[in-house]
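There are 2 protein chains.
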Amino acid sequence: MTPARPSTTSHGRIDKRQAILEGAFRVFARQGYAQACVQEIANEAGVAKPTVYNHLTDKATLFRHALEAAARTVLEERLAALGPLQGSAEGLRETLTSVAYRLLQLHCDDRSCALRRLLYSEINKFPDSLDIVRQYGPHRLNEALADRLARLMLAGRLPTGDPARAAEQFIALVVGPLEARSEMGTRPISGSELRELAEAAVRTFLLAFGDQHV
Amino acid sequence: MTPARPSTTSHGRIDKRQAILEGAFRVFARQGYAQACVQEIANEAGVAKPTVYNHLTDKATLFRHALEAAARTVLEERLAALGPLQGSAEGLRETLTSVAYRLLQLHCDDRSCALRRLLYSEINKFPDSLDIVRQYGPHRLNEALADRLARLMLAGRLPTGDPARAAEQFIALVVGPLEARSEMGTRPISGSELRELAEAAVRTFLLAFGDQHV
DNA sequence: ACTAGTTTGAACCAATGAGTTCAGATCGGT
DNA sequence: ACCGATCTGAACTCATTGGTTCAAACTAGT
C-alpha cells in the first residue's frame, strides 16, 4: 500500500507526506482553500510548517495533491459499492436496492461531501482540478455501472437497451433526491430515510427499465 | 420593481445598492468569498469603496445579501419554467419535455451555476446561508412541481400516486444526468444535447409514472 | 445660489498569512 | 557512538486586504 510518490528518501519515520495530505484535506474541507492557513494544516498533520513546504512546494500543489488523493479513495469506495451486481444470484430488485443504499451512504459520507464541496468551490481558481474530475469523477462510476447493466441485459435479466443511459438515470434517481433533501449535505439523513430513498429509486427504475411491467 | 430594502434615503441617483449587490455577486462568483476583495467589488459596481461600506456594513453581510438576491431571482426563473404545466391543453409528453428542457437551460445558466457553487463552498463559513437554501432552494421547486402533478392526477391525465415523490424523481431525472455530464458546470452543453436529455428524462418518467405502459 | 446628504479618491492602520531562513533537536543506518 | 539527512520551532519578510478617516466634489430640492 505504498503511496503514489514515496517520501523524498526511503527513510524518515512513518511517511509524513501521507499525514500532511490527510491533514490538508481535513483543513481544506473545513475552511475552503483561501481560508485555510498552512500553519493550521501543519498542526493538524502533527508536523512543522517547513516540513509541509519541504514535501509539497506550494499551497496550491498541496491543495491539488490532497484533492487528488481524496478523489481516488472516494471513487474506489463507490466502485466497490457496485460489487453485488457482479455475480448476483439473488433477486435483481434486492441487489439493486442494496447497491443504491450503499451509494447513498457513501454520498452522505463526510469525506465525499467535503470533496464535492471543494471541487465545486475551487474549480474556477484551479482549472486543472478538471483533470481530477475527469479521472475520478462521476463519469467513471457511470461507465462501471453501465458495464454491469450490459452484462445483466446479455444474461436476459434485464430487457435490452442502452446501458449507458440506464446507468446515468439510475444514478440520477438514487442520488438526485438526496441532494435536494440533505440541504447541501448539512442535514443528517437517517438510515431509514436512505433505505426508503433507495427503494423508491429502484422501484421507478424497474418500472421504466425492468420487464415486469404488466 | 422596487428593491427589497430601498436606499438609505429616497434620493441618491439610480440606486447604487442594486449595482453593488450585482457587482458583488459577479466578483464572488468568480473568486469565491475569501479571494474576492472589496476594492474589486467596488470597481465592478462602478462605485468607491466607502460607498460599499456605507450601504452594507460588512463584507459578510454584503455576501449574504448578494447571495439572497441572486437566489431569489434564480428561484423565480425556475418557478416560471413550470408555467406550461398550468393549463396544458396539448399533449402531456410535449409539455413535460418543454418544461424539462427549460429547467436544463436554467440549470446551465451562468448565474445559476455560480450560485450553486457559492452555496456549496461557503455553507460552512456561513451557516445562516442555510436560511437562503431553505427559502429559495430546490425544495421550493419540488413543492411547486408536486402541486402541478397533483392537479394532473386529479384531472385524470396521470395515474394517481404520490405527487411529491413523482416531482422529486422527475427533477432528479432531468438535472441529474446533466450534472454528471457538464463536469461541474465547466463544459458547455449544446442545445441539442439538452433537448435529448429532456426527452430521455420524460421518456423514463412516463414509463414509470404514466399510464401508457402496455 | 444655498444647504444637506452622498459619493469619491486617496491615504492610512492593523491583522493575517504565504513562504523563507537558520540554528538546534532528532532519527536511521552503520 | 557517529554521520548525514530530516524535522522542528521560532522569528522574519513582504504582500494583501478589511475597514476607517477626511477633505473635496457632486447632486437634488428649495
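Taken in sequence, the protein lines are chains A and B.
Going by full-length UniProt numbering, the first sequence opens with residue 1, and the numbers climb by one from there.
Going by full-length UniProt numbering, the second sequence opens with residue 1, and the numbers climb by one from there.
For every residue, glycine included, the Cβ atom is placed at its ideal position computed from N, Cα and C.
For clarity, every value in this text was computed on a predicted model and none was experimentally measured.
With 16 or more other Cβ atoms from the protein chains shown falling within 10 Å of its own Cβ, Ser121 of chain A counts as buried. Of the candidates A:Glu77, A:Arg78 and A:Thr95, the residue whose Cα lies closest to the Cα of Pro84 of chain A is A:Thr95.
Less than 8 angstroms separates the beta-carbon of Val175 of chain B from that of Leu103 of chain B. For chain A, the residues of the UniProt domain "HTH tetR-type" (14-74) of chain B that bring a beta carbon within less than 9 angstroms of one of its beta carbons are Ala29, Arg30, Gln31, Gly32, Tyr33, Ala34 and Gln35, in chain order. Distance from the Cα of Arg78 of chain A is smallest, within the candidate group A:Ala164, A:Gly137, A:Arg203 and A:Lys16, for A:Gly137.
Residues of chain B with a Cβ closer than 8 angstroms to the Cβ of Gly176 of chain A are, in chain order, Glu168, Gln169, Ile171, Ala172, Leu173, Val175 and Gly176. DSSP places Thr73 of chain A in the uninterrupted alpha helix (DSSP H) bounded by Lys59 to Ala81.
B:Ala45 is the residue among B:Ala45, B:Arg64 and B:Asp211 whose C-alpha sits nearest the C-alpha of Asp15 of chain B.
Cβ neighbours of Ala144 of chain B within its own chain (closer than 7 angstroms, five residues either side excluded): Leu79 and Leu82.
With distances taken between CA atoms, Gly32 of chain A lies nearest to A:Ala114 out of A:Gly87, A:Asn54 and A:Ala114. Pairing Pro188 of chain A with Ala201 of chain B, the inter-Cα distance amounts to about 29 angstroms. In this structure, the straight-line span from the alpha carbon of His65 of chain A to that of Leu92 of chain B is close to 49 angstroms. Arg195 of chain A is outside the set of residues whose beta carbon lies under 8 angstroms from a beta carbon in chain B.
It is roughly 45 angstroms from the alpha-carbon of Ser129 of chain B to the alpha-carbon of Met153 of chain A. Within the segment 142-192 of chain B, the runs of alpha helix (DSSP H) at least 4 residues long that lie entirely inside it are, in chain order, 163-181. Against chain B, the CB of Arg102 of chain A has no partner CB under 8 angstroms away; the residue lies outside that interface. Within the same chain, Cβ atoms closer than 7 angstroms to the Cβ of Gln105 of chain A are found at Leu194, the five residues on either side in sequence being excluded. Between the beta-carbon of Arg140 of chain A and that of Leu75 of chain A there is about 6 angstroms, and that keeps the pair under the 8 angstroms contact cut. For the pair Phe25 of chain A and Ala60 of chain A, the CB atoms are not nearer than the 8 angstroms cut-off. As the crow flies, the alpha-carbon of Ile41 of chain B is around 39 angstroms from that of Arg17 of chain A.
Spanning the alpha carbons of Val99 of chain A and Ile123 of chain A requires a straight line of approximately 30 angstroms. The shortest C-alpha to C-alpha distance from Lys125 of chain A to any of B:Glu22, B:Leu21, B:Val27 and B:Ala19 is the one to B:Val27.
Assigned with DSSP and collapsed to three states, Leu56 of chain A falls in coil, not helix or strand.
Cβ-Cβ separation between Ala208 of chain A and Ala48 of chain B: approximately 58 angstroms, too far for a contact (criterion under 8 angstroms).
In this structure, the beta-carbon distance from Gly210 of chain B to Leu158 of chain B falls below 8 angstroms.
With respect to the 8 angstroms criterion, Ala180 of chain A and Glu22 of chain B are not classified as neighbours on the basis of their beta carbons.
One finds nothing in chain A with a Cβ atom closer than 8 angstroms to the Cβ of Pro188 of chain B; even the nearest lies about 13 angstroms away. Rounded to whole angstroms, Asn142 of chain A and Arg165 of chain A show a C-alpha spacing of 9 angstroms. Exclusion of the five residues before and after Gly185 of chain B leaves Cys113 as the residues of its chain whose Cβ lies within less than 7 angstroms of its Cβ.
Residues of the segment 123-151 of chain A that bring their beta carbon within less than 9 angstroms of a beta carbon in chain B comprise Ile123, Asn124, Lys125, Pro127, Ser129, Leu130, Val133, Arg134, Gly137, Pro138, His139, Leu141 and Asn142, in sequence order. Here Asn124 of chain B carries a coil assignment [DSSP, helix/strand/coil]. Residue B:Arg72 holds the alpha-carbon nearest to the alpha-carbon of Asp131 of chain B among B:Ser182, B:Arg72 and B:Glu199. Listed along chain B are Thr204, Leu207 and Ala208, each with a C-beta nearer than 7 angstroms to that of Ala208 of chain A.
The Cβ-Cβ distance between Leu173 of chain B and Thr204 of chain B falls below 8 angstroms.
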